[in-house]
Structures are given as structure tokens and as C-alpha cells.
Amino acid sequence: MPDSCGGGFNGLNHKEFSKPPLSKKDKQKQQEAKRNAAKAKAEKRAKEEEEEEARVRAEREQDPAEREAEIARIKEAEEIKSNARRLQNAQKKAAKACSSNDWVYALALYTECIEIDDKDYLNWSNRAAVQNKLGRFDEMLEDAAKCVELSPQFAKGWARVGSANAALERYDAAEEAFKRALSLEPASTASLEGLAAVQKAREEAVEEDAFDAMLRELKLLSLIDLRELALQEGVHETKVREAENNADAKEALVSLITAHRYIIDLAREDLADVDVDGLRARALAEGLDEDKISVAAQSENPVEGLQTLIVDFLSHDLVGAATEILAEAQFEEVSDDDADAVEEDLDFEIIAL
1 MPDSCGGGFN
11 GLNHKEFSKP
21 PLSKKDKQKQ
31 QEAKRNAAKA
41 KAEKRAKEEE
51 EEEARVRAER
61 EQDPAEREAE
71 IARIKEAEEI
81 KSNARRLQNA
91 QKKAAKACSS
101 NDWVYALALY
111 TECIEIDDKD
121 YLNWSNRAAV
131 QNKLGRFDEM
141 LEDAAKCVEL
151 SPQFAKGWAR
161 VGSANAALER
171 YDAAEEAFKR
181 ALSLEPASTA
191 SLEGLAAVQK
201 AREEAVEEDA
211 FDAMLRELKL
221 LSLIDLRELA
231 LQEGVHETKV
241 REAENNADAK
251 EALVSLITAH
261 RYIIDLARED
271 LADVDVDGLR
281 ARALAEGLDE
291 DKISVAAQSE
301 NPVEGLQTLI
311 VDFLSHDLVG
321 AATEILAEAQ
331 FEEVSDDDAD
341 AVEEDLDFEI
351 IAL
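Using the working numbering, the letters of the sequence shown correspond one by one to residues 1 to 353.
Next comes the structure, spelled out in C-alpha cells:
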């Protein structure tokens, strides 16, 4: 009985919980699906093998030179992508260095940009701007010249050529470059200001040359000749004697005569367009004697008479201070430490990159 009951229970359990058997039709569908999947997989594998065989066969049949050229093209394309990433990274770092005034690092980075792509005129232009910040004007000119060689229509490049030449005191070349920049970009403030600065610098250079020539001429004279010249030009005798008592009487007399001429030129320029009434008022304001003013005003040429009176007074009154300033500027030597301090204090023109 127990075996019979047990056997009967187990048999009943199997029939209740097992899946119903598939029909013959379902079995056929299932087998068909498996066969189709296996077939598709086999076809895919066969296609891949066929493509690989074709590739290998093509490589074998390909001309060695063509194969080498293809490999070179692939490598070149990869190198171009790599250099593009390097260039972008270097340019970002360079811009950041410029914003931090780290010009030495910026120079190294823009040099890297040029090494990566020396055909991009902007790399040369940006490095020229950095050279300017570092006071490397010869190098700035070289970079700016390369920039406009690559892009002759780039106005800012010509402005950089102008700035470099101006810094090197090559005013004709600077003027030509700024004019070229303005022909391309007439409203460029930097080029307009640069051209004006060049014209002013050229005028100052002429004045400096004339002043240097005058100094050389005076220094060739003897002490006696310098004394006579000072008195002849209207320097007060007390000022002449003070100069002669100086430790270096010759240098003192040269400074005295130079200062006297400077004051006279300055005063005459200041009074050039003033009429008689204005000159009379100016003379009274300076504290000149009223009788002398009246005599000058009633002379045959009152304007010249009053101008001479005022100039003579001012030259005696101011020549002492002017002498000290000019002597200090012309004869004092600058120590190495002072020169370094001046160099550190230089403020170069800021040019947007």
C-alpha cells in the first residue's frame, strides 16, 4: 500500500506540473527557426571570411609603391590630427600666459605653435607681439615680416612691422609700413597713432641731432672763447663768473650757453603770437620795471622791443635752473643699477593678440 500510494502520488505530480508536449507542427517550426539562425550565422561568417580574403588578395596584388603611399597618407592624416590638437593646446596656454603677463612663457608657446604650423601667419603675428613686450625689436621685425609675407593683406601684420621699425628708429620703413596698414584698414587706431608717433619721433630726432651738433661745436671752443660767446649772447656776467668758478669751468660754460639759448627759444616761441597789449600785460605780470616797459612799447617796433625785454628778463631769471637740468641730463653718467631700473620701468605698447 505505501508503495502503491507513493507511486500513485508521484505520477500524479509529474503530470500536473510538467509543460504540455509540443505538437508536431510546433516542433517543426522550432527546428526550422534553429536551422535559419544557424544558416544566417554561417552566411555572416562566410561573408567576413570572403571580405578578409579579398583584402589580403588586394594587398598582394597592390603595387608596393602604391601601398607605401597609402601608408604614408594614413600616417600623415594621423599626424595632422595630432598636430591640430597640439596647436590648439599651445594656443590656449599662450593666450593664458599673455593675460598673466608671462611673456617669456608666451614666447616659448608661440614658438611651439610656429614649429607645429609655420604657414599660419597668425602664429608669427602673435609671436611678434610678444617679442615687442620683451623689447626684442629685431626679432619682432623678423616675425612681423614673415607674417606679412604669408598674408600681405593682413593690416595688423603691417602695423607690427611699423612698430618694430619705429622702435629700431628706422622711421622711413616704419612710416611706409603704417601707411600700408592704413591702406588695408583706414580706421585702424593703432596704425594712425603709430604713424603720428613716427612723424613726431622723426622731428625730435632732427632736433636732437641739431642739439648734439651744437654741443660738439661749443665743446671745441676754448674757455676764453666760451666766456666771450656767453657775454655776446647776453648771458649776465654774474652767471658767467659763477660758471668760471665751477670745478669744470668749460663744461659749466657750455651748459650755461646751452641753457640760455634754450630759454630764449622757448620764451620767443611763447610770445610769438602776442600783441602789444598782451606783451605789456605779460611784462607787468613778470614784475618788470614800468619805465622800461613804456620805453619798449613806444619804440619803433613795440612788439619786438617788448619781446626782447621779456626774453632778456626771463633768460636771466630762469637760466640758472635750466643750466642745472641740462647739465644733469648731458654730463651725469647713469650707473648700471639705474639703467636696470629704467629698463624694468619701460611700458611697451599693449597690442591685442
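The C-beta atom is built at its ideal place from N, Cα and C for all residues, glycine as well.
Predicted, not measured: the structure shown is a model, and the values here were computed from it.
Simplified DSSP assignment, three categories, for residue i
| i | result |
| --- | --- |
| residue 170 | coil |
| residue 236 | coil |
| residue 274 | coil |
| residue 230 | helix |
| residue 119 | coil |
| residue 222 | coil |
| residue 87 | helix |
| residue 132 | helix |
| residue 300 | coil |
| residue 162 | helix |
| residue 245 | coil |
| residue 255 | helix |
| residue 151 | coil |
| residue 305 | helix |
| residue 100 | coil |
| residue 314 | helix |
| residue 188 | coil |
| residue 289 | coil |
| residue 23 | coil |
For residue j and residue i, believed in contact at Cβ under 8 Å, the rounded distance
| i | j | result |
| --- | --- | --- |
| residue 306 | residue 279 | 4 Å |
| residue 201 | residue 166 | 7 Å |
| residue 224 | residue 271 | In fact, because the Cβ distance is near 33 Å, the residues do not count as touching under 8 Å. |
| residue 187 | residue 162 | At roughly 16 Å, the Cβ-Cβ gap does not stay under 8 Å, so residue 187 and residue 162 are not in contact. |
| residue 164 | residue 144 | 6 Å |
| residue 312 | residue 234 | 6 Å |
| residue 184 | residue 141 | Not quite, the Cβ-Cβ distance comes to about 19 Å (not below 8 Å), so this is no contact. |
| residue 401 | residue 151 | With the chain covering only 1 through 353, there is no way to say anything about residue 401. |
| residue 90 | residue 112 | 5 Å |
| residue 109 | residue 134 | The Cβ separation is near 13 Å, so there is no contact. |
Selection from the options that minimises the alpha carbon distance to residue i
| i | options | result |
| --- | --- | --- |
| residue 257 | 290, 315 and 296 | 315 |
| residue 248 | 275, 232, 265 and 219 | 219 |
| residue 227 | 251, 183, 277 and 148 | 251 |
| residue 196 | 97, 216, 171 and 48 | 171 |
| residue 255 | 121, 230, 275 and 304 | 230 |
| residue 129 | 97, 152 and 153 | 97 |
| residue 303 | 294, 292 and 276 | 276 |
| residue 274 | 291, 308 and 217 | 308 |
| residue 262 | 208, 51, 25 and 31 | 208 |
| residue 136 | 149, 221, 148 and 103 | 103 |
Neighbour-count burial assignment, residue i, 16 or more Cβ in a 10 Å radius
| i | result |
| --- | --- |
| residue 58 | exposed |
| residue 206 | exposed |
| residue 132 | buried |
| residue 194 | buried |
| residue 99 | exposed |
| residue 74 | exposed |
| residue 146 | buried |
| residue 69 | exposed |
| residue 33 | exposed |
| residue 94 | buried |
| residue 191 | buried |
| residue 28 | exposed |
| residue 198 | buried |
| residue 259 | buried |
| residue 54 | exposed |
| residue 46 | exposed |
| residue 56 | exposed |
| residue 20 | exposed |
| residue 40 | exposed |
| residue 37 | exposed |
| residue 72 | exposed |
| residue 65 | exposed |
| residue 325 | Because the pLDDT at residue 325 is just 48, under 50, the model does not fix this residue reliably, and the point stays unresolved. |
Q: Please determine if the segment 282 to 290 and the segment 238 to 250 are in contact, where contact requires at least 3 C-beta pairs separated by less than 8 Å.
A: They do not touch, by the three-pair rule.
Q. Counting Cβ pairs, one atom from each stretch, are 3 or more of them under 8 Å apart for the segment 118 to 130 and the segment 150 to 161?
A. yes
**Q.** the segment 232 to 240 contacting the segment 207 to 219, beta-carbon criterion three pairs below 8 Å
**A.** no
(Q) I want to know whether the segment 110 to 122 touches the segment 79 to 92 - three or more CB-CB distances under 8 Å. (A) yes
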